[in-house]
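Q:
In UniProt numbering, the protein residues as written are 1 to 564.
1) Taking just the CA atoms, how far does residue 430 sit from residue 208?
2) Taking the alpha-carbon of residue 501 as reference, which of 515, 488, 491, 539 has the nearest alpha-carbon?
3) Distance check for residue 555 and residue 406, CA to CA, integer angstroms please.
4) Looking only at DSSP bridge pairs, what is residue 255 linked to?
5) Residues in its own chain within less than 7 Å of residue 492 by CB, not counting five upstream and five downstream?
6) Note the first and the last residue of the continuous alpha helix (DSSP H) segment covering residue 119.
7) In whole angstroms, give me the CA-to-CA distance for residue 162 and residue 154.
8) Rank 6, 206, 21 by C-alpha distance to the C-alpha of residue 307 and give the top, closest one.
9) Measuring CA to CA, which of 511, 508, 434 is closest to residue 475?
10) Would the beta-carbon of residue 34 fall within 7 Å of that of residue 3?
11) Starting from residue 362, trace the alpha helix (DSSP H) both ways and give me its first and last residue.
12) Rounded to whole angstroms, what is the Cα-Cα separation between residue 48 and residue 89?
13) Put residue 270 into one of helix, strand or coil per three-state DSSP.
14) So is residue 116 buried or exposed if we call it buried at 16+ other beta carbons inside 10 Å?
15) Which first and last residues belong to the alpha helix (DSSP H) in which residue 90 is found?
16) Which residue wins for smallest C-alpha separation from residue 381, given the options 359, 304, 395?
17) Is the number of C-beta pairs between the region 47-61 and the region 92-100 that are closer than 8 Å three or more?
18) Report the rounded CA-to-CA distance for residue 158 versus residue 25, giving the unit in angstroms.
19) Could you give the DSSP three-state label for residue 549: helix, strand or coil?
20) Excluding the 5 residues flanking residue 36 on each side, which residues of the same chain have their C-beta closer than 6 Å to its C-beta?
21) Look at the Cβ atom of residue 99, then the Cβ atom of residue 132, and state whether they are nearer than 7 Å.
22) Taking 7 Å as the threshold (C-beta atoms), are residue 30 and residue 69 in contact?
23) Helix, strand or coil: how does DSSP classify residue 229 here?
24) Return yes when the C-beta of residue 154 is under 6 Å from any heavy atom of the ligand NAD, and no when it is not.
25) Among 17, 122, 399, 299, which residue has its Cα nearest to the Cα of residue 140?
26) Taking its Cβ as the centre, do 16 or more other Cβ atoms sit within 10 Å of residue 240, making it buried, or is it exposed?
27) How is the alpha helix (DSSP H) around residue 465 delimited, first residue to last?
28) Do residue 425 and residue 448 come within 7 Å of each other at the CB atom, strictly closer than that value?
29) Quick check on DSSP: helix, strand or coil for residue 566?
30) Taking the alpha carbon of residue 83 as the point to measure from, which residue in 246, 121, 242 has its own alpha carbon closest?
31) By Cβ distance, which residues of its chain are closer than 6 Å to residue 375, with the 5 residues on each side in sequence left out?
32) On the DSSP bridge assignment, give the partners of residue 130 in chain order.
33) Decide if residue 310 is buried, meaning its Cβ has at least 16 other Cβ atoms within 10 Å, or exposed.
34) What residues match up with residue 181 in a beta bridge as DSSP calls it?
35) So, with DSSP's three-state summary, where would you put residue 475?
36) Distance check for residue 66 and residue 145, CA to CA, integer angstroms please.
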């Protein structure tokens, strides 16, 4: 009789898919120690079962201003009930790992709150809180690897294996999550023009026509920033709203992927209709794949052919390759010692999954349809700040193509000053807000202050003519920092200090501050600049100035929207 260990439940709250990826990794690794494990989104889990659970691992990301992911909101709301006893979860042992970005003020806020609440309800922590950081060279894996290793050590103390049972190798044969079989040899009855997401669309989903896709930066500038204009019908939106776009693969990427497969003896007809179903793994099939799809549709809309492979990918490739050299390299990439090599090979050059498959032909030729779903993640929807105003642009949505992590609701009060700091494409949500105020004819330069930054005034000053016109008409106060036009580099934080009296006057009138743009060091340096203003103009010491902005954080009058 095959030994079975204790039940292990892995639950995740994921906005973009990263927390789900990590939760599924833990679920897979648990099989090495014979745990009877399941993995689910938090809101698909019956929270009442938590009372009888012995061991649960929580993986959750933080979005917005310290907000929980959408597929965790109901679970979290229930957990916050005041009627719950402080001993409600006294039989539960748990672990929490958070995914966040240390450039944000509320770094891993959701994971920290979840752990605190579980402890309040009497649960016992198996190990310390894990804090994944997107700023790490290896991303979340940089801290997740160590945390997961410690997790297995702690669990095996409580749930040890029998003396005659050994853990499976780290490179044990992985069983695919789903079964995939050919339903039809031809997909003539499947519409070529209908998205695979059509049947699972939500009320807020809609289609749009691209009216314009125009480059805003000069042709000799290294960065290609686009203004995308979409034609919609009756889709209202407000300042600070996001639009979520679901991208598709380029035809050239699809052809390259098919070429890699066919050159390694894998021939899948583009019209072949596939059916995906659950197997004994008990991992649910996504709604999108619960109806038949053609291989072409998967290549077009589902498989992320530009994805950067992770350690799990090389674990699978190492299992199926017939080349000792490939196997050795794959094993190296899955070890803690080999992470520098993995970073050099994959992360630094941003080598995608198709390029990796071409580099590992002996593994690629042994791929099955099931394995494709294991090594190629689905395309994740991208969130963009809306850069237009519904009142001004009517049935159009404008997007400056910069990916953001969450949505900032800009202030509705019209009498309070608003300070906007938006270097580069970070200006997108502010363009939206400024046009909204312009249409209402309800702005003056002391109420709307925009600090904009870029490298060159002549090359990458986005929407230059529009902003200068608004400034000339005294609708906004426009203050620009061009970091490469002068001998010494000038950034938005320098301009904040330079205009400290203007900033301090706005802060005394209960101003709101919104910051958007590339994360790196910008958010911290901008905050330091605002603290400096309070010290210079407000007579505060550093501690008082920090408390001043902490109060603004709590009142949602200081918000940051940044990305890596």
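All C-beta atoms, glycine included, are put in the ideal place defined by N, C-alpha and C.
A: Working from what's here:
1) If you number the chain shown from 1, residue 208 lands on position 208. If you number the chain shown from 1, residue 430 lands on position 430. About 23 Å.
2) The residue labelled residue 501 in the question sits at position 501 within the chain shown. Residue 539 is the option with its Cα nearest to residue 501.
3) As a position in the chain shown, residue 406 is number 406, starting the count at 1. As a position in the chain shown, residue 555 is number 555, starting the count at 1. With a pLDDT of only 38 at residue 406, under 50, the local geometry of the prediction cannot be trusted, and the value read off the model is given with reservation. About 18 Å.
4) What you label residue 255 is simply residue 255 of the chain shown in a count that begins at 1. In DSSP, residue 255 forms no bridge with anything.
5) Within the chain shown, the letter at position 492 stands for residue 492. The answer, listed in chain order, is 421, 423, 451, 453, 481, 526.
6) Translated into the one-based positions of the chain shown, residue 119 becomes position 119. Following the DSSP letters along the chain, one finds residue 119 inside the alpha helix (DSSP H) bounded by residues 109-120.
7) Along the chain shown, one-based indexing puts residue 162 at 162. Along the chain shown, one-based indexing puts residue 154 at 154. Looking at the two C-alpha atoms, the distance is approximately 16 Å.
8) Position 307 of the chain shown, counting from 1, holds the residue named residue 307. Out of 6, 206, 21, 21 has the C-alpha closest to the C-alpha of residue 307.
9) The sequence position of residue 475 within the chain shown is 475, counting from 1. Closest by C-alpha distance to residue 475, out of 511, 508, 434, is 434.
10) As a working mapping, residue 34 is identified with position 34 in the chain shown. As a working mapping, residue 3 is identified with position 3 in the chain shown. With respect to residue 3, residue 34 sits close: the two C-beta atoms are nearer than 7 Å.
11) Position 362 of the chain shown, counting from 1, holds the residue named residue 362. Where residue 362 is concerned, the enclosing alpha helix (DSSP H) stretches over 361-364.
12) Locating residue 48 in the chain shown gives position 48, where the first residue counts as 1. Locating residue 89 in the chain shown gives position 89, where the first residue counts as 1. Put simply, the backbone Cα of residue 48 is about 11 Å away from that of residue 89.
13) Residue 270 sits at position 270 when you count from the first residue of the chain shown. Three-state DSSP puts residue 270 in coil, outside helix and strand.
14) As a working mapping, residue 116 is identified with position 116 in the chain shown. Exposed, since its Cβ has fewer than 16 Cβ neighbours within 10 Å.
15) As a first step, residue 90 must be located in the chain shown, where it is residue number 90. Annotation: residue 90 is outside any alpha helix (DSSP H) and is labelled neither H nor E by DSSP.
16) Locating residue 381 in the chain shown gives position 381, counting from the first residue. Comparing Cα-Cα distances from residue 381 to each of 359, 304, 395, the minimum goes to 304.
17) In short, these stretches touch, since the Cβ pair count reaches three.
18) The sequence position of residue 158 within the chain shown is 158, counting from 1. The sequence position of residue 25 within the chain shown is 25, counting from 1. Cα-Cα distance, rounded: 21 Å.
19) Position 549 of the chain shown, counted from the first residue, corresponds to residue 549. Residue state, collapsed to three classes: helix.
20) Your numbering for residue 36 matches position 36 in the chain shown. For residue 36, where only same-chain residues beyond five positions count, the Cβ hits under 6 Å are 4, 7.
21) What you label residue 99 is simply residue 99 of the chain shown in a count that begins at 1. What you label residue 132 is simply residue 132 of the chain shown in a count that begins at 1. Cβ distance < 7 Å, so residue 99 and residue 132 count as in contact.
22) Start at 1 with the first residue of the chain shown, and residue 69 comes out as number 69. Start at 1 with the first residue of the chain shown, and residue 30 comes out as number 30. No, they are not a contact pair.
23) Locating residue 229 in the chain shown gives position 229, where the first residue counts as 1. Here residue 229 sits in strand by DSSP.
24) Inclusion of the ligand NAD in the displayed structure is not the case, the ligand content being empty and no account of it being possible.
25) Here residue 140 refers to the residue found at position 140 of the chain shown. Of the candidates 17, 122, 399, 299, the one whose C-alpha sits nearest the C-alpha of residue 140 is 17.
26) For the purposes of this step, residue 240 is identified with residue 240 of the chain shown, where counting begins at 1. When all chains shown are included, residue 240 counts as buried.
27) Within the chain shown, the letter at position 465 stands for residue 465. Counting along the chain, the alpha helix (DSSP H) containing residue 465 begins and ends at 464-472.
28) Numbered from 1 along the chain shown, position 448 holds the residue referred to as residue 448. Numbered from 1 along the chain shown, position 425 holds the residue referred to as residue 425. No.
29) In the structure displayed, the chain extends from 1 to 564; residue 566 sits before or after that span and is not available.
30) For the purposes of this step, residue 83 is identified with residue 83 of the chain shown, where counting begins at 1. In terms of Cα proximity to residue 83, the closest of 246, 121, 242 is 121.
31) Counting from 1 along the chain shown, the entry for residue 375 is found at position 375. Same-chain partners within the cutoff: 313, 316.
32) As a working mapping, residue 130 is identified with position 130 in the chain shown. Paired residue(s): 97.
33) What you label residue 310 is simply residue 310 of the chain shown in a count that begins at 1. By the neighbour-count rule (16 or more Cβ atoms within 10 Å), residue 310 is buried.
34) If you number the chain shown from 1, residue 181 lands on position 181. Assignment of beta-bridge partners to residue 181 by DSSP yields 275.
35) Residue mapping note: residue 475 aligns to position 475 of the chain shown, counting from 1. In the three-state reduction of the DSSP assignment, residue 475 falls in the coil class, being assigned neither a helical nor a strand state.
36) For the purposes of this step, residue 145 is taken as residue 145 along the chain shown, with counting starting at 1. For the purposes of this step, residue 66 is taken as residue 66 along the chain shown, with counting starting at 1. Rounded to the nearest whole angstrom, the CA to CA distance from residue 145 to residue 66 is 24 Å.
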